[in-house]
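Below is one structure, written out as structure tokens, with a few remarks after it.
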Amino acid sequence: MHRTLKEVERILNPNGRAVFLTMHPDAFESQWDLQFLTYDLSALQRYRDAVDKEDIEIPGSARKATGGENSIATVYHSRQSVVEAAYDAGLVLVDERDLWIDRETATRMFGVGGIGCMPTTPTYWIVTLAKSAAPANGQSSCRPSRQFACSVTLSKMRAALTTETKVYEANETLQ
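For the sequence shown, my numbering assigns the number 882 to the initial residue and increments by one for each residue that follows.
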């Protein structure tokens, strides 16, 4: 993750934004059973039993709505580690959104049999990063404080996200 974010910072235009869609840090904290998105049960148990969950890899598969299946893997990173890695790379968090898989869309795309138990935690996470502002005098050592880099306004968190796939925003509680 650190190398990726450093490369993002290197190639990002000064006023540009990098937007990532990834598994939510809390995605595996609830029990869920979605036939179109499955993970190795022994890997999930290792994750749930671990005190330090950082960098645990959880392999799985995702069924395509058009047919077929893709092998996938999730490598767990806490929200804090993502924000700190971004900060260390010279990036700041400017927005984040919690996304849920909703029952209506899941049923429409994968059928009633595709849902055993819906997640009670957000499934996906959209993270928007930008370059840290460098002062006009060219001193790149001057960056915002870590506290500023970690802050996200509640108004942004409360902004409703409505898409054609009807993914709904999660509860805005920050931890």
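All C-beta atoms in this analysis are idealised placements derived from N, C-alpha and C, irrespective of residue type, glycine included.
- Task: Within the same chain, show all residues whose beta-carbon is closer than 8 Å to that of Q1028, passing over the 5 residues directly before and after it, in chain order.
- Result: Unreliable placement is indicated for Q1028, whose pLDDT of 36 sits below 50; the coordinate value is still reported in the next sentence. Around Q1028: no qualifying Cβ.
- Beta-ladder partner(s) of N951, from DSSP: A943
- Task: Work out the CA separation of A1011 and R884 for me, nearest whole Å.
- Result: The straight-line gap from Cα to Cα measures roughly 16 Å.
- Message: I want to see whether chain D comes within less than 8 Å of E950, judged by CB atoms only; does it?
- Response: No chain D appears in this structure, which consists of one protein chain only.
- So, is T947 buried or exposed, given that buried needs 16 or more other C-beta atoms within 10 angstroms? By the 10 Å Cβ count, T947 comes out exposed.
- Query: Do you know offhand how far N896's Cα is from C998's?
  - Reply: 42 Å
- Message: Considering only the alpha carbon of each residue, which of V975, S959, Q926, D930 lies closest to D1138?
- Response: Look at the range of the chain in this structure, 882 to 1056, and you will see that residue 1138 is not part of it.
- In the structure shown, what three-state DSSP assignment does A835 receive? Past the boundaries of the shown model lies residue 835; the chain is included only from 882 to 1056, so the question cannot be answered.
- Could you tell me which of Y928, L922, R929 sits nearest to G941, measuring between CA atoms? If we check each option's Cα against that of G941, L922 comes out closest.
- Query: Looking only at DSSP bridge pairs, what is R898 linked to?
  - Reply: Here R898 is bridged, per DSSP, to A1011.
- Message: For the pair the stretch 950-965 and the stretch 978-991, tell me if three or more CB-CB distances fall below 8 Å.
- Response: No contact exists between the stretch 950-965 and the stretch 978-991.
- Task: Have a look at A1014 and A970 and give me their C-alpha separation to the nearest angstrom.
- Result: 13 Å
- Near V1008, what residues of its chain come up, given a Cβ to Cβ distance below 6 Å and the 5 sequence neighbours on each side ignored? F901, E977
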